[in-house]
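What follows is a set of notes on a single structure, which appears directly below.
Number of protein chains: 2
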Amino acid sequence: MPVPCDFQQNALLGLLPEEELNRLLPDLERVTLTLGQSLSESGQHMNHVYFPLDSIVSLLCVMENGASTEIAVVGYEGVVGVSLFMGGETTPSRAIVQSAGQALRLKGQLLKNEFYRAGPMQRLLLRYTQALLTQMAQTAVCNRHHNVDQQLCRWLLLSIDRLPGNELIMTQELIANMLGVRREGVTESAGKLQKAGLISYNRGRINVIDRPGLEARVCECYAVVKEEYDRLLNHNNVM
Amino acid sequence: MPVPCDFQQNALLGLLPEEELNRLLPDLERVTLTLGQSLSESGQHMNHVYFPLDSIVSLLCVMENGASTEIAVVGYEGVVGVSLFMGGETTPSRAIVQSAGQALRLKGQLLKNEFYRAGPMQRLLLRYTQALLTQMAQTAVCNRHHNVDQQLCRWLLLSIDRLPGNELIMTQELIANMLGVRREGVTESAGKLQKAGLISYNRGRINVIDRPGLEARVCECYAVVKEEYDRLLNHNNVM
DNA sequence: CCCCTTATGTGCGTTAGCGTACAGAGTTTG
DNA sequence: CAAACTCTGTACGCTAACGCACATAAGGGG
Chain V
-1 MPVPCDFQQN ALLGLLPEEE LNRLLPDLER VTLTLGQSLS ESGQHMNHVY FPLDSIVSLL
59 CVMENGASTE IAVVGYEGVV GVSLFMGGET TPSRAIVQSA GQALRLKGQL LKNEFYRAGP
119 MQRLLLRYTQ ALLTQMAQTA VCNRHHNVDQ QLCRWLLLSI DRLPGNELIM TQELIANMLG
179 VRREGVTESA GKLQKAGLIS YNRGRINVID RPGLEARVCE CYAVVKEEYD RLLNHNNVM
Chain L
-1 MPVPCDFQQN ALLGLLPEEE LNRLLPDLER VTLTLGQSLS ESGQHMNHVY FPLDSIVSLL
59 CVMENGASTE IAVVGYEGVV GVSLFMGGET TPSRAIVQSA GQALRLKGQL LKNEFYRAGP
119 MQRLLLRYTQ ALLTQMAQTA VCNRHHNVDQ QLCRWLLLSI DRLPGNELIM TQELIANMLG
179 VRREGVTESA GKLQKAGLIS YNRGRINVID RPGLEARVCE CYAVVKEEYD RLLNHNNVM
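One line per chain: the protein sequences are V and L, in this order. So the first sequence is residues -1 to 237, counted in my numbering. So the second sequence is residues -1 to 237, counted in my numbering.
Here's what the structure looks like:
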């Protein structure tokens, strides 16, 4: 992750030079995101971009029959709404709040204005978008080659990396939707992890007890994405 | 696809205003890409970007154990090397020539100069990158939810959309690498398609006979991606 | 307290795709 | 022309995940 985790501040914004950040500050509006809230529907225009603080947002690809898969996750290290500055305005994917919390909201037009100054903010947002590309690519390969156990580990690690504590408020049903697998499959895999003493859970609350243990079980995809985020979004490289 | 298929010209470049294109023309170098050639290795710096004409390039995500999956395909409608202007310089994925042919090559630094003029070229490249994002996302969901038969149809359609004729030079072994499945699985699915009279093939040459037939069998992923490319990269929207 | 809803556990049979092995057919090479 | 190699076809057991059907358990609201 880009900077030591400060959940009072979005790490992406934290990489901006003070001058840039000061220009934006008056327009950043702190909002509370609730579990399940939709920030962007397939093909719908977004009015704002969101810089999560302690909240987590999932980018989901939903199919005609309702089946879905998470293609990327965005937390304090990123921003929801890249399609605004990328020029397409909309995307075919949905953005759903996966973990309730705070975020900073900015009017889409203001972000675009900032982007088109072609300064540090543009460079930063583009590097972030590339990191997002990597996350999606790795998700695709992980979906193909790794089993549910490994993917659950990856998902848990990606999630708690973006949370201040070790607790996740999330039912197995919802995790299954994210991973695009059966709920029963998640029950089984989560059961293994609990038996192994890595996590404990109860009716929609999951606690990560042994993080190194998860890291030992996770597939390489987790590390690939993490390293690429670190590389693309650290202070030395960006500014 | 963005414009009526002209394999003498890259469609992305074709969307540029004449003035912009003329500035680039002297630096565009026509090169021949051979089957299997690597345009970019994982983590390696790219010296050029490539605008395919009648060639096709696959973006592959390769894992430690050698297993791979195609995460996107680039033909005359696009460009290989988005990481150069996105700021990361490298990517963890590989770019491999999937179908031999011509491409226009441009020195990375010249593309970046053009990009940082913050004019039409920048807008165009960013929209293209968003289309690429969509393709990757849809690939991820397709890997999860659709069977080899459907994915093979999708792959065949994506490929011949980017070729002047109906013939593909490609062994089943290579297709399997792209899709991230077993070679035998491709043999089986291709056999079905041949029996149904949709394609015919022989030792590394595949002919698409009944394109509408393929479209009837393919999963929705093909259309989603195609429509998003059309939306993002057509003359009315871009310039 | 009891009902109702929600979350999790479990146990089937089914299936798609895997790993492996090998056979035949076509192509290249010496 | 024969040998070596490449590409495709086929078969068989195995496994992960699926779809479905329930069972159990834990809150929550009246």
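Backbone N, C-alpha and C fix where the C-beta goes; we use that ideal spot for every residue, glycine too. Here the structure is a predicted model, which is why all the values come from computation and not from measurement.
Three-state secondary structure assigned by DSSP to residue i
i	result
residue 18 of chain L	helix
residue 217 of chain V	coil
residue 111 of chain L	helix
residue 207 of chain L	coil
residue 233 of chain L	helix
residue 101 of chain V	strand
residue 93 of chain L	strand
residue 141 of chain L	helix
residue 125 of chain V	helix
residue 70 of chain V	strand
residue 181 of chain L	helix
residue 201 of chain V	coil
residue 77 of chain V	coil
residue 30 of chain V	strand
residue 57 of chain L	strand
Min CB distance residue i to chain V below 8 Å
i	result
residue 232 of chain L	no
residue 141 of chain L	yes
residue 125 of chain L	yes
residue 96 of chain L	no
residue 176 of chain L	no
residue 109 of chain L	no
residue 187 of chain L	no
residue 81 of chain L	yes
residue 131 of chain L	yes
residue 114 of chain L	yes
residue 170 of chain L	no
residue 121 of chain L	yes
C-beta atoms of residue i and residue j nearer than 8 Å
i	j	result
residue 59 of chain V	residue 148 of chain V	no
residue 32 of chain L	residue 93 of chain L	no
residue 123 of chain L	residue 78 of chain L	no
residue 87 of chain V	residue 144 of chain V	no
residue 106 of chain L	residue 47 of chain L	yes
residue 199 of chain L	residue 116 of chain V	no
residue 130 of chain V	residue 220 of chain V	no
residue 204 of chain V	residue 168 of chain V	yes
residue 57 of chain V	residue 70 of chain V	yes
residue 187 of chain V	residue 146 of chain V	yes
residue 89 of chain V	residue 178 of chain V	no
residue 150 of chain L	residue 184 of chain L	yes
residue 22 of chain L	residue 104 of chain L	yes
residue 81 of chain V	residue 133 of chain L	no
residue 126 of chain V	residue 64 of chain V	no
Inter-residue Cα distance where the pair is residue i and residue j
i	j	result
residue 171 of chain L	residue 15 of chain V	51 Å
residue 55 of chain V	residue 101 of chain V	10 Å
residue 17 of chain L	residue 45 of chain L	25 Å
residue 26 of chain V	residue 165 of chain L	54 Å
residue 181 of chain L	residue 118 of chain L	43 Å
residue 161 of chain V	residue 53 of chain V	7 Å
residue 91 of chain V	residue 138 of chain L	12 Å
residue 194 of chain L	residue 201 of chain V	50 Å
residue 196 of chain L	residue 222 of chain L	22 Å
residue 39 of chain V	residue 95 of chain V	12 Å
residue 121 of chain L	residue 84 of chain V	8 Å
residue 109 of chain V	residue 49 of chain V	11 Å
residue 153 of chain L	residue 190 of chain L	15 Å
residue 212 of chain L	residue 72 of chain L	20 Å
residue 140 of chain L	residue 225 of chain V	26 Å
residue 6 of chain V	residue 163 of chain V	13 Å
residue 174 of chain V	residue 34 of chain L	38 Å
residue 74 of chain L	residue 135 of chain L	21 Å
residue 206 of chain V	residue 159 of chain V	11 Å
residue 157 of chain L	residue 228 of chain L	16 Å
residue 232 of chain V	residue 12 of chain V	10 Å
Below-8 Å beta-carbon distance, residue i vs any chain L residue
i	result
residue 11 of chain V	no
residue 181 of chain V	no
residue 42 of chain V	no
residue 103 of chain V	no
residue 7 of chain V	no
* To do: Name, going along the chain, the residues of the segment 44 to 78 of chain V whose beta-carbon falls closer than 7 Å to a beta-carbon of chain L.
  => Under the 7 Å Cβ criterion, the segment 44 to 78 of chain V contributes 59, 61, 62, 65, 67, 69.
* Asked: Which of the residues in the segment 83 to 94 of chain V, read from start to end, lie with their CB under 9 Å from any CB of chain L?
  -> 83, 84, 85, 86, 88, 89, 90, 91
* Contact residues within the segment 214 to 226 of chain V, judged by C-beta distance below 7 Å to chain L -> 218, 222, 226
* Residues of the segment 133 to 165 of chain L with a CB closer than 7 Å to any CB of chain V: list them in chain order, please. => 134, 135, 136, 137, 138, 139, 141, 142, 143
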